[in-house]
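Engineer: Chains A and B supply the protein sequences, listed in that same order. Residue numbering for the first sequence follows my numbering, starting at 1 and increasing by one per position. Residue numbering for the second sequence follows my numbering, starting at 381 and increasing by one per position.
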Amino acid sequence: METYSQLRPKGEGLKQKYGEVTEPGKNFARQGIKILSLAAVCSLSLVAQPPLQHFHQTHAAMGTIFTIDLNVPDQATAEQDMDLAFEEIDRLEALLSNYRPTSELSRISREAGSAPVVTDPETFHFLDRSIYWSRVSNGAFDITVGPLLRAWGFFFHQGRIPSQAELNALRDKIGWRHVALDPETRTVSFTNHQAMELDPGSIGKGFAVDSVVKLLREHGVTSAFISAGGSTLYAIGTVPGAAGWPVDIPDPRAPGKIATSILLKDTSLSTGACTEKFFIKNGHRYCHIFDPRTMRPVEGMLQTTVIDPSATDSDALSTVVFVLDPSASRRLLASMPGTKALIFRQSNQSPSHASCTAINWTGNPCEASSPAAKGSQLHD
Amino acid sequence: MIDRRLFVRGLSAAVAASTLVTDSALAQSSKAEADAARQIAPAVDKSPFRLGVIGPGSRGQELVRSFLRVPGVKVVAAADIYPPRFAQLNQTCGYEVASHADFRALLDRKDLDAVVVATPLGLHAQHVIPALESGHHVYGEKTMAYTIEDAAKIVNATTAHKRIFQVGHQYRYSPWIRAAVARVQQGEIGDVTHILAYWNRNNNWRRPVPDPSLERLINWRLYNQWSLGLFAELGSHHMDIANWVFGSTPTSAIGSGSICTYHDGRETDDNVQAVLSYSGGRRFIFTSMTNNAKMGDQLWLYGSKGSLNLTLEDATFFYEPHRIVKTPAKDGKAVVTSASYSPAGEMPYRGPGKPVQVTTAEDPTTAATRAFVYCVRTKTEPIADAHVGYGSALAVIQSNHARLKKQEVEVPASI
Numbered sequence: 001m002e003t004y005s006q007l008r009p010k011g012e013g014l015k016q017k018y019g020e021v022t023e024p025g026k027n028f029a030r031q032g033i034k035i036l037s038l039a040a041v042c043s044l045s046l047v048a049q050p051p052l053q054h055f056h057q058t059h060a061a062m063g064t065i066f067t068i069d070l071n072v073p074d075q076a077t078a079e080q081d082m083d084l085a086f087e088e089i090d091r092l093e094a095l096l097s098n099y100r101p102t103s104e105l106s107r108i109s110r111e112a113g114s115a116p117v118v119t120d121p122e123t124f125h126f127l128d129r130s131i132y133w134s135r136v137s138n139g140a141f142d143i144t145v146g147p148l149l150r151a152w153g154f155f156f157h158q159g160r161i162p163s164q165a166e167l168n169a170l171r172d173k174i175g176w177r178h179v180a181l182d183p184e185t186r187t188v189s190f191t192n193h194q195a196m197e198l199d200p201g202s203i204g205k206g207f208a209v210d211s212v213v214k215l216l217r218e219h220g221v222t223s224a225f226i227s228a229g230g231s232t233l234y235a236i237g238t239v240p241g242a243a244g245w246p247v248d249i250p251d252p253r254a255p256g257k258i259a260t261s262i263l264l265k266d267t268s269l270s271t272g273a274c275t276e277k278f279f280i281k282n283g284h285r286y287c288h289i290f291d292p293r294t295m296r297p298v299e300g301m302l303q304t305t306v307i308d309p310s311a312t313d314s315d316a317l318s319t320v321v322f323v324l325d326p327s328a329s330r331r332l333l334a335s336m337p338g339t340k341a342l343i344f345r346q347s348n349q350s351p352s353h354a355s356c357t358a359i360n361w362t363g364n365p366c367e368a369s370s371p372a373a374k375g376s377q378l379h380d
Numbered sequence: 381m382i383d384r385r386l387f388v389r390g391l392s393a394a395v396a397a398s399t400l401v402t403d404s405a406l407a408q409s410s411k412a413e414a415d416a417a418r419q420i421a422p423a424v425d426k427s428p429f430r431l432g433v434i435g436p437g438s439r440g441q442e443l444v445r446s447f448l449r450v451p452g453v454k455v456v457a458a459a460d461i462y463p464p465r466f467a468q469l470n471q472t473c474g475y476e477v478a479s480h481a482d483f484r485a486l487l488d489r490k491d492l493d494a495v496v497v498a499t500p501l502g503l504h505a506q507h508v509i510p511a512l513e514s515g516h517h518v519y520g521e522k523t524m525a526y527t528i529e530d531a532a533k534i535v536n537a538t539t540a541h542k543r544i545f546q547v548g549h550q551y552r553y554s555p556w557i558r559a560a561v562a563r564v565q566q567g568e569i570g571d572v573t574h575i576l577a578y579w580n581r582n583n584n585w586r587r588p589v590p591d592p593s594l595e596r597l598i599n600w601r602l603y604n605q606w607s608l609g610l611f612a613e614l615g616s617h618h619m620d621i622a623n624w625v626f627g628s629t630p631t632s633a634i635g636s637g638s639i640c641t642y643h644d645g646r647e648t649d650d651n652v653q654a655v656l657s658y659s660g661g662r663r664f665i666f667t668s669m670t671n672n673a674k675m676g677d678q679l680w681l682y683g684s685k686g687s688l689n690l691t692l693e694d695a696t697f698f699y700e701p702h703r704i705v706k707t708p709a710k711d712g713k714a715v716v717t718s719a720s721y722s723p724a725g726e727m728p729y730r731g732p733g734k735p736v737q738v739t740t741a742e743d744p745t746t747a748a749t750r751a752f753v754y755c756v757r758t759k760t761e762p763i764a765d766a767h768v769g770y771g772s773a774l775a776v777i778q779s780n781h782a783r784l785k786k787q788e789v790e791v792p793a794s795i
C-alpha cells in the first residue's frame with residue numbers, strides 16, 4: 001500500500017538504520033544493517049550524460065519495510081521505477097502471503113491435502129526452490145513450519161512454550177517431505193493428505209527482491225539498492241564513483257560495533273538473527289528461527305550473513321546456516337564457491353564468548369573489529 | 381442471474397431477465413448460489429484446454445497466470461502489435477507460445493478451446509466480435525465495450541453464435557462478496573437504498589514508456605481514443621456490483637471529473653465522480669481519485685438495518701441500532717434498574733464490524749478463470765455473462781457521457 005511510501009530526492013549523504021519499523025509477530029526482519037549511502041558522490045565522467053540523482057523511497061509490505069535507493073537521471077524516471085518496483089512487491093505479497101487467505105500460497109496450503117493443485121509457473125518455481133533448499137539442507141530449511149510458529153505463539157505476538165505432547169501432535173502437519181511437486185503438470189500435493197501452512201517468511205522477501213532487480217534492470221536501471229527490512233539486500237551496480245554499495249555488518253559480540261564493512265555490487269546479502277524477533281520466558285531467550293528437525297527454536301546462534309548472486313538463495317541460506325551447525329554449513333557451502341557466509345555463534349565452552357566462522361568470505365571478517373583501518377572489501 | 385436451462389433452450393435473454401425480477405428473490409438467489417458454487421468449485425476435469433490470448437500486456441499476463449492455475453490449460457497462441465509482449469508471455473508461461481502480429485491469424489487457428497481478449501477498451505469489440513463469429517468462446521476483459529452499440533453487438537454475437545462469453549468482472553466470483561451479497565439479498569441489512577463506492581490510489585497511473593512514440597500505445601488509459609478513464613478501468617467493477625445488488629441496471633447517470641494533479645498531457649481525468657439512479661430512488665455513488673489512497677478500493681452498501689463493507693479481501697457487516705418494535709401488552713413485571721450509557725449521537729461508528737466468514741477466500745481472478753474453463757467445458761452460461769457485461773458497460777459509458785455533457789443523462793434499458 002502506498003500509504004507508507006515516501007519519495008524524496010537525496011542530495012546529501014545519509015545514514016540509515018533499517019529494520020526498525022516492525023510489527024511484532026509479522027516482522028520478518030531479523031537484523032538492522034547500517035548502510036551508508038554515498039549519494040553525494042556525483043560521477044565525474046566526462047561523457048555528456050545527465051548526472052544521476054539519488055532517490056529514496058520506503059514501502060510497507062510482507063510484514064516489513066522495503067526501501068529502494070535509485071540513482072537515475074530525473075524524478076519522473078525515479079517515480080516510474082519506484083512505482084513499478086513496489087507494485088511488483090505488492091503483487092508478490094498478494095501471491096505468497098500466508099496472512100492473506102486470497103494468496104495463491106494460501107490456496108495451495110488449503111487444497112493440496114485433498115487433491116493435487118495446479119499452480120502457475122511463478123508460484124511453482126518459488127515452491128521448487130524452497131523444497132530444493134530443504135533437500136540440500138536436509139530439512140534445516142523448511143517452509144512448512146507454520147504450525148510450529150503458531151504453537152510457540154509467534155503468530156499471537158506473545159511467546160509460549162508448547163508441551164512435548166503438543167509438538168508431537170504437530171509432527172504430521174509439518175515437514176517438507178510431505179510436499180510433492182510435479183514439474184510436468186505444475187501440481188503440488190501434500191502426501192500427508194491434510195491442509196498445511198506454507199510460510200514464505202524465510203525465502204519470500206528474497207524472491208521479491210530478485211523479481212524487483214530483474215524488473216529494474218529491464219527498465220535500464222544501472223545503480224540501485226533494494227532492502228527488504230534490512231535482512232535481505234541487493235545492490236545493482238555501484239554508487240556513482242564508488243566500487244559498490246557500502247554495507248556494514250554489525251558484530252553481535254559487541255553491540256554498536258561493526259564486524260566488517262563491505263561494498264556490495266550486483267549481488268545480494270541476507271542476514272539471520274534473533275535480536276528483534278524473540279520472546280523471553282524464565283530468563284531464556286527463544287528465537288523465532290526454528291530447527292524444524294527438533295521443532296524447537298534454534299539455540300546459541302547469534303547472527304548469520306550470506307552473500308549470493310540470488311537474493312532468493314541468500315535469504316534461504318541465511319536461515320540454513322542459522323539452523324545448521326557451523327561445521328555442517330562449511331560442508332554444505334564447500335560445493336558453492338560463489339556463496340559466502342559469516343556466522344556468529346555463542347561458544348559452547350564459554351557462554352559469554354562467541355565463535356566466528358567465515359566461509360568462502362573475502363578478507364578476515366572474524367578478526368577484531370577495525371573495519372575503518374582496513375578499508376571496505378568489495379563483494380560482487 | 382440468467383437461468384441456465386433457459387439459456388440452453390435458447391430462449392431470448394429478455395425473457396430470462398424478466399423472470400429474474402418476478403420470481404422469488406430468495407429462490408433465485410439460492411439457485412444462483414448453487415450454480416455459482418459449481419462453477420467456482422475446484423476443477424475435476426484435467427483434459428487439455430488450449431488458450432489463445434489477444435493482448436498479453438500487463439493485465440493479459442495476469443490473466444494468463446490465473447488461467448495456468450486451472451488443470452489442463454495451456455496457452456498456445458498470442459497476438460499483439462507490440463512485439464516485446466511475446467517474450468514476457470513466454471516467461472510467464474515457462475514455454476514458447478506461438479506469436480501472431482495480427483489477431484485474425486490467431487482467430488484462424490483451429491486448435492483453440494477459447495480466446496482471451498485483454499486489449500485496450502476501445503478495441504474490445506473489434507477483437508471480441510470476430511472471435512465469437514469465428515466460433516471461439518471468449519473471456520473478455522472489462523469494460524465489455526467502448527460504446528453501447530458495440531456492447532449490444534457482443535451480446536447479440538454471443539447469442540447468435542451460441543458461444544460462451546465471460547466478462548472480466550471477477551468480483552462476481554469472489555467467495556466473500558458472493559456470501560455477503562447473498563445475505564444482503566436475504567434481508568440482513570434491510571432494503572439497500574444506497575451504495576457508496578471508492579477506488580482511490582496515489583500514483584500517476586502511468587506505465588514506463590521505452591520510446592516516446594509508444595506513449596499512446598502503452599499509456600492508452602490516459603487517452604480518449606481507447607479509454608473511458610477511471611469510470612471504466614476502476615469504476616466498472618463497482619457499477620457491476622451495484623447492478624447485482626440492486627437487481628437491475630441504472631436509469632440515469634450524473635458524472636463529473638477533472639485533471640487536478642497530473643497536468644502531463646493526459647486526456648482522461650485524474651479524478652472522477654458518478655451518481656447513478658436506480659428504480660425506487662435508489663442511488664449508487666462512485667468516486668475515484670489518484671492523489672490520495674486513504675480510502676483504497678471499497679464499497680459500502682447501506683440499508684435500513686445495517687451496512688456492508690466490501691473490499692478486495694473481505695466483507696464486513698455493521699448493524700444499525702434497534703428500532704421501535706410492536707410487542708404484546710406488558711405483563712406487569714417490574715423493570716430492573718440499571719445504569720446505561722450510549723454514545724450514539726451523530727458521531728460516526730468507529731468500532732469493529734462482523735466479518736463474513738468464508739472457508740475459500742481465494743483470489744477472485746483465479747476463481748473467475750477457473751469458472752470460465754468449467755463453463756466452456758460443460759457448455760454452461762457463466763455467472764458474469766454478456767448481459768452482466770452489458771449492464772456495467774451501460775453504467776460506465778453513460779457516466780462518462782454525463783461527465784462530457786455536464787448534465788444528467790438517461791441510461792438505456794438492459795438487454
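Here a beta-carbon is modelled for each residue, glycine too, at the ideal position from N, C-alpha and C. These numbers come from a predicted model, not from an experiment.
Look up residue 678(B) in the DSSP assignment and give the residues it is bridged to.
Structural biologist: In DSSP, residue 678(B) forms a bridge with 578(B), 691(B).
Engineer: Can you pull the chain B neighbours of residue 219(A), defined as C-beta to C-beta under 9 Å?
Structural biologist: The contacting residues are 588, 590.
Engineer: Do you know whose CA, among 64(A), 132(A), 116(A), lies nearest residue 316(A)'s CA?
Structural biologist: For residue 316(A), the nearest C-alpha among the options comes from 132(A).
Engineer: Less than 6 Å between C-beta atoms, sequence neighbours within five positions excluded: which residues of the same chain meet that for residue 285(A)?
Structural biologist: Within the same chain, residue 285(A) has close Cβ partners 278.
Engineer: Please classify residue 755(B): does DSSP put it in a helix, a strand, or coil?
Structural biologist: Helix, per DSSP.
Engineer: Using CA atoms only, rank isn't needed, just tell me which of 298(A), 208(A), 267(A), 253(A) is closest to residue 338(A).
Structural biologist: Considering only alpha carbons, the answer is 267(A).
Engineer: What residue from 155(A), 63(A), 137(A), 153(A) has the CA that sits closest to residue 450(A)'s CA?
Structural biologist: As shown, chain A starts at 1 and ends at 380. That puts residue 450(A) outside it, with no answer to give.
Engineer: Assuming residue 146(A) contacts residue 197(A) under a Cβ cut-off of 8 Å, what Cβ separation, rounded to an integer in Å, is found between them?
Structural biologist: About 3 Å separates the two Cβ atoms, so the contact holds.
Engineer: In terms of residues, what are the limits of the alpha helix (DSSP H) holding residue 277(A)?
Structural biologist: It is not in any alpha helix (DSSP H) - residue 277(A) carries neither H nor E in the DSSP assignment.
Engineer: Whole angstroms are fine: how far does the CA of residue 677(B) sit from the CA of residue 596(B)?
Structural biologist: Cα to Cα, residue 596(B) sits roughly 26 Å from residue 677(B).
Engineer: Could you list which residues in chain A have their beta carbon closer than 8 Å to that of residue 473(B), in chain order?
Structural biologist: Neighbours of residue 473(B) on chain A, chain order: 121.
Engineer: Just the chain B side, please: which residues come within less than 7 Å of residue 80(A) by C-beta, in chain order?
Structural biologist: The answer, in chain order, is 586, 588.
Engineer: Say whether chain E places a C-beta atom closer than 7 Å to the C-beta of residue 451(B).
Structural biologist: You won't find chain E in this structure, because its protein chains are A and B.
Engineer: Using the beta-carbon count (16 or more within 10 Å), is residue 662(B) buried or exposed?
Structural biologist: Its Cβ being crowded by 16 or more others within 10 Å, residue 662(B) is buried.
Engineer: Which residues in chain B sit within 9 Å of residue 253(A), going by Cβ to Cβ distance?
Structural biologist: Per Cβ cutoff of 9 Å: no residues; residue 253(A) is ~44 Å from chain B at best.
Engineer: Can you tell me the Cβ-Cβ gap for residue 747(B) and residue 524(B), rounded? I've got them flagged as a contact below 8 Å.
Structural biologist: No, residue 747(B) and residue 524(B) are not in contact; Cβ-Cβ is about 19 Å, not under 8 Å.
Engineer: Please confirm if residue 430(B) has its CB atom under 7 Å from at least one CB of chain A.
Structural biologist: No, residue 430(B) does not count as interfacial toward chain A.
Engineer: Mind listing the chain A neighbours of residue 743(B)? Cutoff is C-beta to C-beta under 8 Å, in chain order.
Structural biologist: Per Cβ cutoff of 8 Å: 94, 102, 103, 104, 107.
Engineer: Identify the contact partners of residue 118(A) in chain B, using a Cβ-Cβ distance below 7 Å as the criterion.
Structural biologist: Within 7 Å Cβ-Cβ: 449, 450, 451.
Engineer: Under the assumption that residue 574(B) contacts residue 682(B) (Cβ atoms under 8 Å), give the Cβ distance between them as a whole number of angstroms.
Structural biologist: Confirmed, about 4 Å.
Engineer: Give a yes or no on whether the minimum CB-CB distance between residue 380(A) and chain B is below 7 Å.
Structural biologist: Judged by the 7 Å Cβ criterion, residue 380(A) is not in contact with chain B.
Engineer: Alpha carbons only, please: which of 229(A), 287(A), 201(A) is nearest the one belonging to residue 142(A)?
Structural biologist: Here the closest residue by C-alpha is 201(A).
Engineer: How would you write the range of the beta strand (DSSP E) that residue 319(A) sits in, first residue to last?
Structural biologist: Run containing residue 319(A): none in the beta strand (DSSP E); it sits in the alpha helix (DSSP H), 311-323.
Engineer: Identify every residue that forms a DSSP beta bridge with residue 303(A).
Structural biologist: Its beta-bridge partners are 273(A), 344(A).
Engineer: In the DSSP assignment, the alpha helix (DSSP H) including residue 780(B) goes from what residue to what residue?
Structural biologist: Per DSSP, residue 780(B) belongs to the alpha helix (DSSP H) from 766-785.
Engineer: In whole angstroms, what separates the C-alpha of residue 55(A) from that of residue 70(A)?
Structural biologist: Taking the straight line joining both Cα atoms gives about 5 Å.
Engineer: Please name the residue in 434(B), 735(B), 745(B) whose C-alpha comes closest to that of residue 508(B).
Structural biologist: For residue 508(B), the nearest C-alpha among the options comes from 434(B).
Engineer: Would residue 307(A) and residue 333(A) qualify as a contact pair, given that the criterion is a beta-carbon distance under 7 Å?
Structural biologist: It is not a contact, given that the beta carbons lie outside the stated cut-off.
Engineer: For the beta strand (DSSP E) that contains residue 65(A), what are its first and last residues?
Structural biologist: From DSSP, the beta strand (DSSP E) with residue 65(A) extends over 64-72.
Engineer: Opposite residue 636(B) in the DSSP bridges: which residues?
Structural biologist: Paired residues: 653(B).
Engineer: Check whether the segment 458-468 of chain B touches the segment 426-444 of chain B, taking contact to mean three or more Cβ pairs, one atom from each stretch, closer than 8 Å.
Structural biologist: Yes, the segment 458-468 of chain B is in contact with the segment 426-444 of chain B.
Engineer: Using 8 Å as the cut-off, can you tell me whether the segment 605-616 of chain B makes contact with the segment 492-509 of chain B, which would need three or more C-beta pairs spanning the two stretches below that distance?
Structural biologist: Output reads yes: the segment 492-509 of chain B touches the segment 605-616 of chain B.
Engineer: At which residues does the beta strand (DSSP E) containing residue 432(B) begin and terminate?
Structural biologist: Start and end: 429-434.
Engineer: Alpha carbon to alpha carbon, how far is residue 440(B) from residue 497(B)?
Structural biologist: Looking at the two C-alpha atoms, the distance is approximately 8 Å.
Engineer: If we cut at 7 Å on Cβ distances, does residue 210(A) have a partner in chain B?
Structural biologist: Chain B contact via Cβ: absent.
Engineer: Output the distance between the C-alpha atoms of residue 154(A) and residue 755(B), rounded to the nearest integer angstrom.
Structural biologist: Taking the straight line joining both Cα atoms gives about 43 Å.
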